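Undergrad: Got a structure here, written out as structure tokens. Questions coming.
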Amino acid sequence: MEVRARPPPSGCTLLDSTRVSVLLFARELSAEDTHYRRLAMTQWSITTRPAVPADASFILACTNEAFMADAFFKTKEHHNRYTLADVQAMLVAPNSNFVVAEITDHDQHDSARCCGSIYVKWAHHAQTNVVVGQFSSVSVLLEFERRGVGSHLIQAAELLVATYAKHLSSTPRMEISVVSARKDLFGFYERKGYRVTGTPVESPEFSLMLNDTHQHVHLVAMEKVLQLHDEGPAAM
Numbered sequence: 001m002e003v004r005a006r007p008p009p010s011g012c013t014l015l016d017s018t019r020v021s022v023l024l025f026a027r028e029l030s031a032e033d034t035h036y037r038r039l040a041m042t043q044w045s046i047t048t049r050p051a052v053p054a055d056a057s058f059i060l061a062c063t064n065e066a067f068m069a070d071a072f073f074k075t076k077e078h079h080n081r082y083t084l085a086d087v088q089a090m091l092v093a094p095n096s097n098f099v100v101a102e103i104t105d106h107d108q109h110d111s112a113r114c115c116g117s118i119y120v121k122w123a124h125h126a127q128t129n130v131v132v133g134q135f136s137s138v139s140v141l142l143e144f145e146r147r148g149v150g151s152h153l154i155q156a157a158e159l160l161v162a163t164y165a166k167h168l169s170s171t172p173r174m175e176i177s178v179v180s181a182r183k184d185l186f187g188f189y190e191r192k193g194y195r196v197t198g199t200p201v202e203s204p205e206f207s208l209m210l211n212d213t214h215q216h217v218h219l220v221a222m223e224k225v226l227q228l229h230d231e232g233p234a235a236m
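Written out as structure tokens, the structure reads:
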């Protein structure tokens, strides 16, 4: 897969979209030999934008679908990540927002579909002049997995926090909490520059979600110092 990324223009604002054009090659395995034949080439554009209230139903469905991957360590009543009321409240909370990803198929009359979402919040710590961001609920519809959607949602969240920090002449840092049982996620975030801090994450709310056979599961803190420059975080 070839990825062509275009950085945001100089002087971007919090409402700018991050864009990436992705060339995906569809291949079919021949039953007569073991070689792949290229059947078609489709160009997709993945864009991200701040969510609006009308996105609430999509965010709810997308997040709850994606977080079924965590169902194995949760009690049944906690399989769903959010309720609609949760999402609606988060959409209007200060210093935070959901970001929605859309994918456009340029071979299908430029039709765009929502394909993922992420929640990001930030706070300015005046004493140390640091803006600390946190993202969570990175969610991609199953049919759009392995197309780089999650990476671009993270890139957009980092851009929001870095741009806010730039306005305040502050240092931006992103913090995340990763479930210890999701070993697959640690390598994913490490490749994006995140490192385990060793600081315990105390979350009684998370502990209440655990089923009887997974009481040992806990949250692990990771962080990354973001870069301040006009073109935003490096393309992923």
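In terms of full-length UniProt numbering, the sequence shown opens at residue 1 and continues consecutively.
Cβ atoms here follow ideal geometry from the backbone N, Cα and C, with glycine treated the same way.
Please read these numbers as outputs of a predicted model, since none were measured by experiment.
Using the C-alpha atoms, what's the distance from M90 back to T163?
TA: Taking the straight line joining both Cα atoms gives about 21 Å.
Undergrad: Tell me where the beta strand (DSSP E) around E102 begins and ends.
TA: For E102, the enclosing beta strand (DSSP E) has its first and last residue at S96 to D105.
Undergrad: Tell me which residue opens and which closes the beta strand (DSSP E) that K166 is part of.
TA: Here K166 belongs to no beta strand (DSSP E); instead the alpha helix (DSSP H) covers V149 to H167.
Undergrad: Taking buried to mean at least 16 other C-beta atoms within 10 Å of its own C-beta, is T197 buried or exposed?
TA: When all chains shown are included, T197 counts as exposed.
Undergrad: Take S137 as the anchor and find which of A165, S180, V87 and V130 has the nearest alpha-carbon.
TA: V87
Undergrad: Tell me which same chain residues have a C-beta within less than 7 Å of the C-beta of G187, skipping the five on either side of it?
TA: none
Undergrad: Alpha carbons only, please: which of V92, D70, L185 and A71 is nearest the one belonging to A54?
TA: A54 has its Cα closest to that of V92, out of V92, D70, L185 and A71.
Undergrad: Exposed or buried, what is R191 when buried is set at 16 or more other beta-carbons lying within 10 Å of its beta-carbon?
TA: exposed
Undergrad: Can you check which of these residues, M209, E223 and H125, is closest to F67 by C-alpha distance?
TA: Checked all of M209, E223 and H125; the closest Cα to F67 is M209.
Undergrad: Taking the alpha-carbon positions, what's the H106 to W44 distance?
TA: 6 Å
Undergrad: My assumption, with CB atoms under 8 Å, is that L219 sits in contact with V178. Please give the rounded CB distance.
TA: 7 Å between Cβ atoms; contact.
Undergrad: Roughly how many angstroms lie between the CA atoms of Q227 and N129, to the nearest whole one?
TA: 15 Å
Undergrad: Specify the secondary structure class of S207 as computed by DSSP and reduced to three states.
TA: helix
Undergrad: Determine, using beta carbons only, whether R81 and N64 come nearer to each other than 8 Å.
TA: yes
Undergrad: So if DSSP puts S111 in a beta bridge, which residue, or which two residues, is it bridged to?
TA: D105
Undergrad: For N95, tell me which candidate among R113, Y119 and G148 has the shortest Cα-Cα distance.
TA: Y119
Undergrad: For K224, which residues from the same chain have a beta carbon less than 6 Å from its beta carbon, with the 5 sequence-adjacent residues on both sides left out?
TA: M174, G193 and Y194
Undergrad: Is T213 helix, strand or coil by DSSP?
TA: helix
Undergrad: Are the CB atoms of S117 and I59 within a distance shorter than 8 Å?
TA: yes
Undergrad: Counting C-beta neighbours from all protein chains within 10 Å, is the total for Q127 16 or more, i.e. buried, or is it exposed?
TA: exposed
Undergrad: Compare the Cα-Cα distances from L160 to each of S111, K76 and V99 and report the closest residue.
TA: V99
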